[in-house]
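Heads up, the thing below is written out as structure tokens.
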Amino acid sequence: MYTGIVQAVRPLLAVTTYPGHNQFTIDLTPDLLDELKIGASVSVEGTCLSVTEIHGSEVRFDAMTATLERTNLRFFQPGQGVNIERSAKMNAEVGGHLMAGHIACTAEVVELSIKETGAYIKFRMPPEWGKYVFPRGFLGVNGCSLTVADVDDNVVTINLIPETLRQTTFARYPAGALLNIEVDHQTMVLVDVVERTIQNTLARQLPR
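Taking my numbering, the leading residue of the sequence shown gets -16, the next gets one more, and so forth.
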């Protein structure tokens, strides 16, 4: 599990393509390497990946084809920075909201605005996932726990404070780029239950 508080943006050193998966080599700081072991889970741009190799500060992760198809990891290029969060420890403070690192979908950036008066990002959710997004609700976006400011026809607006811009990769995502989205699990369950209840109620009311 993760808290949605990005700990660092770290450089992607290499991307190696194999049949069925890609391998990513990322340079981690001593703090991020502390007690890191093979098989440990790390959030990379919001996607839960398992450590497969550790060579000094260079850590390798494998992403299977299914993961690449569902996320923006398929566009990763050496030299770019990626959001990193180690998995949460027991009794640790949850500064954001609990996240699993299981990406539901990608969303296309509509607009990124960074001005002295404020910053925001707008992105378009796929309709089948947009129903789980509500103003003042939570979303995991590239591994960052963010509060939704507005939703209009599946276009989501999220305000970005200076610290979020400094500590994450959002500033490098132009219009047309894809973001990794993790919907709040409790919200998803609630919406699905309400939908099924309404459908069952309507079905019972139909003439037989």
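Heads up, the beta-carbon is just placed ideally off N, CA and C, and yes, glycines get one too.
Bear in mind the structure is a predicted one, so any value in this text is a computation, not a measurement.
- Secondary structure note for isoleucine 181: its alpha helix (DSSP H) is the uninterrupted segment 168 to 188.
- Arginine 69: member of the beta strand (DSSP E) spanning 64 to 69, first to last residue.
- Less than 9 angstroms separates the beta-carbon of glycine 126 from that of glycine -13.
- Boundaries of the alpha helix (DSSP H) harbouring glutamine 150: 145 to 150, taken from the DSSP string.
- Counted as a single uninterrupted DSSP element, the stretch harbouring alanine 158 is not any beta strand (DSSP E), since DSSP gives it neither H nor E.
- By the Cβ neighbour-count rule, arginine 119 is exposed, with fewer than 16 other Cβ atoms within 10 Å of its own.
- Counted as a single uninterrupted DSSP element, the alpha helix (DSSP H) harbouring alanine 49 occupies residues 48 to 53.
- The straight-line gap separating the alpha-carbon atoms of alanine 87 and valine 42 is approximately 25 angstroms.
- Look at leucine -5 here: in three-state DSSP terms it is strand.
- Residue pairing by DSSP places phenylalanine 44 opposite Phe7 and Val34 in a beta bridge.
- Secondary structure note for glycine 113: it is in no beta strand (DSSP E), and the uninterrupted alpha helix (DSSP H) holding it is 110 to 113.
- Spatial neighbours of arginine 107 in its own chain (CB-CB distance under 7 angstroms, excluding positions within 5 residues in sequence) are listed in chain order as Ala90, Glu91, Val93, Asn137 and Val138.
- DSSP places leucine 81 outside any alpha helix (DSSP H), giving it a letter other than H or E.
- Beta-bridge partners of isoleucine 97 (DSSP): Ala102.
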